[in-house]
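Protein chains: 2
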Amino acid sequence: MTTDARPALETPMSHLTDRTADRAAQHGRPLVPSSARWRPLGIDDVRLDGGFWGELQERNATAMLDHTERWIERMGWSGNFDAAVAGTLPGARRGREFSDSEVYKLLEAMSWEVGRTGDADLDRRLRALAHRVAAAQEPDGYLSTMFGRPGQGARWSDLEWGHELYCIGHLIQAGVARARTHGDDELVQVAVRAADHVCAEFGPDGRQGVDGHPEIEVALVELYRLTGERRYLDQARLFVERRGHGVLADIELGRSYFQDDEPVREATTLRGHAVRALYLAAGAADLAVEDGDDALLDAVTGQVRSALARRTYLTGGMGAHHEGESFGLDFELPPDRAYAETCAGIGSVMANHRLLLQSGDARHADAVERTLYNVLAASPSAEGTAFFYTNPLQQRVPGEVPDPEVASPRASSSLRAPWFHVSCCPTNVTRTVASLAAYVASADEAGVQLHQYAPGTVTAAVGEDGGDGAGTVRLRVETAYPHEGRVLVHVEEAPAAWTLTLRVPAWAEGATVDAGDGPQPVAPGYAAVDGPAAGGRVVLDLPVTPRFTVADPRVDAVRGQVAVEAGPLVYALESVDLGEDVALARVDVDRAPERAPGGAVTVRARTVPAPEGDWPYGGPAPEPAAAGAARDVPLVAYHAWGNRGPSTMRVWLPRG
Amino acid sequence: MTTDARPALETPMSHLTDRTADRAAQHGRPLVPSSARWRPLGIDDVRLDGGFWGELQERNATAMLDHTERWIERMGWSGNFDAAVAGTLPGARRGREFSDSEVYKLLEAMSWEVGRTGDADLDRRLRALAHRVAAAQEPDGYLSTMFGRPGQGARWSDLEWGHELYCIGHLIQAGVARARTHGDDELVQVAVRAADHVCAEFGPDGRQGVDGHPEIEVALVELYRLTGERRYLDQARLFVERRGHGVLADIELGRSYFQDDEPVREATTLRGHAVRALYLAAGAADLAVEDGDDALLDAVTGQVRSALARRTYLTGGMGAHHEGESFGLDFELPPDRAYAETCAGIGSVMANHRLLLQSGDARHADAVERTLYNVLAASPSAEGTAFFYTNPLQQRVPGEVPDPEVASPRASSSLRAPWFHVSCCPTNVTRTVASLAAYVASADEAGVQLHQYAPGTVTAAVGEDGGDGAGTVRLRVETAYPHEGRVLVHVEEAPAAWTLTLRVPAWAEGATVDAGDGPQPVAPGYAAVDGPAAGGRVVLDLPVTPRFTVADPRVDAVRGQVAVEAGPLVYALESVDLGEDVALARVDVDRAPERAPGGAVTVRARTVPAPEGDWPYGGPAPEPAAAGAARDVPLVAYHAWGNRGPSTMRVWLPRG
């Protein structure tokens with residue numbers, strides 16, 4: 005579709021600056037830093053066409069979005085806004101204190117999806133839902149179905165747990181998404197009014213508080229970028245700088261739970277509730293960029309890199325504790341108790357994408373890729389109608405198949421569930437998948453950078469206006485990645501001179517690039533080649549041969565075990581494939597994992613008998629001989645586990 | 005002291021039966037089953053004299069009891085009862101919803117201690133505190149500082165979390181302890197009135213509820229045993245049978261949290277909140293014994309044995325999850341995240357002691373011993389003025405030394421703390437230590453059984469009245485156990501024919517018993533010998549040579565690691581001894597651990613350099629060569645760890 009096909013603006017952009025009036029100038033970009041080493045491209049610039057991510061977008065379009073919309077209605081969370089208008093709150097209120105945010109995240113997802121596809125029916129539903137939200141907004145801009153009415157808590161009376169600013173943050177993100185994919189309309193106006201109210205309440209002379217759940221920070225910076233209104237950025241700074249000084253109450257989990265234990269610019273790693281920590285990191289990075297605050301950006305970068313080096317699961321998942329849904333200590337990464345919340349994965353993608361654009365450091369793009377394939381993609385079921393909230397790396401007992409018509413009261417007690425009482429993840433998945441194209445590529449004056457490999461097209465303006473290299477680069481990417489390692493980059497349009505920069509993942513030792521002069525070895529990191537003229541192509545070959553992976557020995561929980569990866573995909577063994585409880589599997593590490601002709605990855609494994617006894621400790625004894633002979637056992641890509649009914653599962657496989 | 009030295013009864017035993025009027029008939033026994041394979045002995049029958057347990061009792065007498073009394077006063081938890089009388093509740097109320105129970109557990113501890121020592125000053129303090137409690141009791145017997153007044157929740161309005169019955173259960177246990185060590189008095193009367201009120205409220209035609217935290221069950225059965233009043237036993241049965249049918253609300257943690265997911269007689273293992281599960285097991289076992297309900301006893305026995313075989317730490321600690329302070333799945337036993345709450349250890353001692361007396365199965369006595377040495381004894385500091393609430397088997401970062409004047413809001417974030425906002429453990433430790441002698445020995449018609457080895461005396465009536473073997477057995481035990489394995493049992497008085505039964509722990513392969521005919525090998529379990537006449541002795545030799553221990557390979561978290569034990573003691577490596585972070589230690593398993601001349605247990609170990617990198621996973625690589633040469637490194641008995649300031653610590657040591 006073209007920009008012209010989009011619905012006309014409904015309301016004048018009176019409140020917004022000229023920067024937003026031109027929707028095309030935003031390119032449907034989720035993230036628009038005013039300066040960056042690499043300029044992000046948006047969903048207008050990058051179109052996915054099939055392949056792993058295109059298929060997921062298709063599933064989002066045909067199943068996941070409808071599913072989340074239906075459940076939000078069914079749970080009464082959108083109805084809360086109608087009840088606010090009808091004056092039947094708090095009696096008629098449904099859902100947890102943060103349920104408003106699910107409606108806003110759905111609106112954000114719808115915005116990206118309408119922007120991506122121009123789906124007129126979805127646009128109509130988006131407008132109708134936004135109108136119900138708008139009707140509940142107070143005259144002064146305040147908006148919450150949970151606080152402020154007789155019988156409810158007073159506004160801002162529970163910053164620790166009330167999630168008021170968190171919800172408004174998601175409203176703002178929805179408004180920004182709508183503005184950038186459509187232009188001003190009622191949703192955008194509601195978001196701006198809410199943001200203005202927040203600035204009035206929490207400004208320099210206002211309430212000296214922050215929200216227990218960061219989110220407003222990242223939203224306010226982006227609203228500043230959209231509108232150019234400095235007050236939003238100033239407010240984001242107040243929120244970031246106030247935190248860490250004990251401004252929130254102490255709680256049993258400790259103030260580290262909401263990152264109020266230490267100022268953002270002094271902390272050295274991510275800690276506490278993982279989603280909170282990662283949203284805060286993303287917001288603080290955005291703030292640092294806009295203000296040229298290098299010290300703050302360095303602090304956030306150090307925190308994220310430390311967490312990647314010491315507090316991240318092989319899947320990219322973050323959050324080792326169920327208690328507090330939080331980061332564990334360094335190297336405390338139990339596979340069976342991995343919380344690795346889907347939303348934390350999305351938060352990690354947000355934070356790492358921001359740091360990538362500023363630093364050009366490939367480890368952040370590696371983290372984005374790993375997390376997209378092994379956390380985000382793991383959440384939705386093959387049908388797109390059920391979701392994982394947590395993403396453990398080991399399932400000790402077969403999960404139960406949840407009732408597809410019942411929302412799970414618990415996050416982590418079953419296979420993928422249709423919905424949760426705390427249902428942050430499904431809407432987070434839908435908004436991220438709808439805007440997934442934004443993570444694929446970036447541009448600068450010299451050319452285009454490809455960070456993620458997926459079939460589709462990339463279009464970017466490169467070079468300085470009027471300069472020699474000025475012009476448009478249009479690429480068509482052809483690949484079966486990650487199942488195959490060959491990536492063909494066809495150049496469909498290009499200026500006279502430009503540079504194509506390709507990410508070589510850290511695992512891709514032996515990769516080659518052929519820019520017309522034969523395959524040249526390239527080291528992990530970024531490889532820059534002279535961009536071919538239109539009609540030319542570049543061939544990247546990444547070795548996606550299955551491989552064994554071991555962990556730093558300080559990750560005690562997986563000592564003596566190996567994992568299998570192939571390209572960016574982490575693999576897992578399920579009991580449906582082994583035929584026995586995977587606790588009993590022993591893998592022959594002397595035979596490398598293989599890719600069978602049909603594409604399945606296999607390992608050579610045997611099983612051992614289950615020990616018996618009335619006390620599980622004793623003198624050293626050799627493990628019993630194999631009960632079965634060694635045989636080839638197929639693994640499943642981790643993101644696809646749990647799609648074939650109850651099963652035990654493990655990513656880390658005992659050697660032996 | 006003698007019975008005569010004890011204070012006279014204060015009030016007539018109008019409410020109690022003749023069974024309790026004779027205080028001597030109860031022998032100061034915490035547990036008085038009406039039938040048992042082995043009849044427990046009480047604190048009158050068994051006196052500890054020095055040694056490991058005698059020293060702990062001395063620390064209890066000189067430090068721990070005063071400490072808990074002072075903190076309970078300081079926190080305002082005893083003051084809540086005064087406030088109730090003054091009519092200043094709820095405004096003046098201090099502490100959590102269960103704080104009344106701490107006052108009751110202190111009263112129970114004082115009761116045992118007064119019974120043990122006759123300490124007149126402590127008796128005076130006990131009476132004074134009991135009087136303050138009594139003053140707050142409502143005319144109908146109800147007693148709570150948390151519920152029932154204007155501005156408070158209605159009585160019984162929050163059975164899930166309110167802990168009303170739990171608190172009354174502890175009140176009853178205090179009353180029973182007082183009756184059995186002193187006789188009827190105000191505390192006993194308060195407890196009886198509260199119990200009567202519970203029976204009236206929750207009887208067959210009353211509220212069909214149970215408490216979210218089991219405890220009332222075990223208390224009511226013992227009150228039945230004390231008084232002979234059947235209604236207490238009937239009420240205990242109602243509580244046990246109601247549970248497991250979803251009588252409590254579903255909660256985010258699931259009904260398994262409070263064992264309301266499955267009827268007690270149908271469950272096959274312990275699950276949910278560990279203290280709740282173990283108190284329930286103890287109460288259900290008591291109920292089954294009194295009613296001759298073999299099916300129920302078998303069910304509880306099976307649950308406990310399954311938990312011992314699959315859900316118990318090497319230390320005897322139970323509870324693998326911080327979330328919900330609960331049992332994990334089978335073999336899910338991470339050392340670093342072991343919750344292993346001190347109170348759960350005490351619950352395990354309670355449950356296993358009951359099953360031991362019924363079954364005569366040594367594994368329950370083994371569990372009692374292991375848990376006493378490595379959980380209960382680990383909680384108090386060397387000075388007896390600080391306590392561990394959780395008992396992890398690995399400390400990844402040095403804990404902080406808590407302020408000795410500040411109660412910790414958290415259970416598990418530091419070294420031993422002087423007090424906790426949730427301070428269930430210190431009072432539980434004091435009441436258990438004061439009554440510790442009750443776990444040492446039992447008797448039956450044939451003779452005496454020694455279950456735990458500690459210096460002191462054991463006196464028991466044995467044989468049928470008027471039969472050949474009728475008479476008194478009086479033993480004096482002399483031993484430096486567990487540091488040395490020799491146990492001398494001197495017979496000071498004995499009938500003509502009697503049997504001495506000695507427990508041989510499961511780890512004690514190679515043990516011998518010498519009953520005068522030279523050392524005879526005995527297998528783990530129980531060894532019975534003909535009891536010598538007065539003046540004779542029996543020598544038990546248990547091999548307490550330090551040994552390596554490995555875990556069932558399904559305990560993935562400790563794969564490739566060994567622990568060191570010596571006798572019943574589990575050992576640990578602390579960084580204060582290694583001189584480096586214990587994460588870097590590698591133990592040479594080809595050289596057995598040794599006991600150095602001074603008694604210290606050592607292993608041969610080296611340290612490896614800490615890996616560096618920005619991602620903790622990669623291709624298999626050999627571990628770097630040792631940075632330091634192998635050397636002998638001293639270990640510390642687990643119960644004594646953390647007494648020398650901040651340190652990293654681990655029980656399970658990587659091989660290599």
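Residue numbers (the working numbering), protein chains in the order written: chain F, 5 to 660; chain A, 5 to 660.
All C-beta atoms in this analysis are idealised placements derived from N, C-alpha and C, irrespective of residue type, glycine included.
Since we're looking at a predicted model, the values are computed, not measured.
Between the CA atoms of residue j and residue i - distance to the nearest angstrom
i, j, result
"residue 81 of chain F", "residue 389 of chain A", "51 Å"
"residue 334 of chain A", "residue 587 of chain F", "11 Å"
"residue 55 of chain A", "residue 86 of chain A", "41 Å"
"residue 419 of chain F", "residue 577 of chain F", "16 Å"
"residue 555 of chain A", "residue 404 of chain A", "30 Å"
"residue 567 of chain A", "residue 330 of chain A", "24 Å"
"residue 259 of chain A", "residue 252 of chain A", "7 Å"
"residue 290 of chain A", "residue 119 of chain A", "24 Å"
"residue 220 of chain F", "residue 226 of chain F", "10 Å"
"residue 569 of chain A", "residue 297 of chain A", "38 Å"
"residue 339 of chain F", "residue 144 of chain F", "48 Å"
"residue 106 of chain F", "residue 293 of chain A", "54 Å"
"residue 102 of chain A", "residue 154 of chain F", "32 Å"
"residue 580 of chain F", "residue 382 of chain F", "18 Å"
"residue 25 of chain F", "residue 552 of chain F", "Because the pLDDT of residue 25 of chain F is 47, which lies under 50, any placement of that residue in the model is unreliable, and the question is left without a value."
Three-state secondary structure (DSSP) of residue i
i, result
"residue 330 of chain F", "strand"
"residue 370 of chain A", "helix"
"residue 268 of chain A", "coil"
"residue 496 of chain F", "strand"
"residue 505 of chain A", "strand"
"residue 25 of chain A", "Unreliable placement is indicated for residue 25 of chain A, whose pLDDT of 47 sits below 50; no coordinate value is reported for it."
"residue 325 of chain F", "strand"
"residue 79 of chain A", "coil"
Assigned exposure category for residue i - 16 Cβ within 10 Å defines buried
i, result
"residue 524 of chain A", "exposed"
"residue 272 of chain F", "exposed"
"residue 467 of chain A", "buried"
"residue 453 of chain A", "buried"
"residue 218 of chain A", "buried"
"residue 222 of chain A", "buried"
"residue 91 of chain F", "exposed"
"residue 59 of chain F", "exposed"
"residue 401 of chain F", "exposed"
"residue 89 of chain F", "exposed"
"residue 66 of chain F", "exposed"
Paired residues, beta bridge with residue i - DSSP
i, result
"residue 621 of chain F", "A:555"
"residue 482 of chain F", "F:492"
"residue 638 of chain A", "A:606"
May I ask you to list, following chain order, the residues of the segment 530-557 of chain F that have a beta carbon less than 9 Å from some beta carbon of chain A?
-> 551, 552, 553, 554, 555, 556 and 557
Residues in the segment 502-516 of chain A with C-beta within 9 Å of chain F's C-beta atoms, listed in sequence order?
-> 510, 511 and 513
Using a beta-carbon distance cut-off of less than 9 Å, what residues from the segment 392-406 of chain A approach chain F?
-> 398, 400 and 401
Closer than 7 Å, Cβ to Cβ, to anything on chain A: give me those residues from the segment 155-174 of chain F, in chain order.
-> none
Against chain F: residues of the segment 325-353 of chain A by CB proximity under 9 Å = Cβ contacts with chain F: 325, 326, 327, 328, 332, 333, 334, 335, 336, 337, 338, 339, 340 and 341.
Contact residues within the segment 611-627 of chain F, judged by C-beta distance below 8 Å to chain A = 612, 614, 615, 617, 618, 619, 620, 621, 622, 623, 624, 625 and 627
Using a Cβ cut-off of 9 Å, which residues of the segment 245-260 of chain A contact any Cβ in chain F, in chain order?
-> So the list reads 254, 255, 256, 257 and 258, given in the order they occur along the chain.
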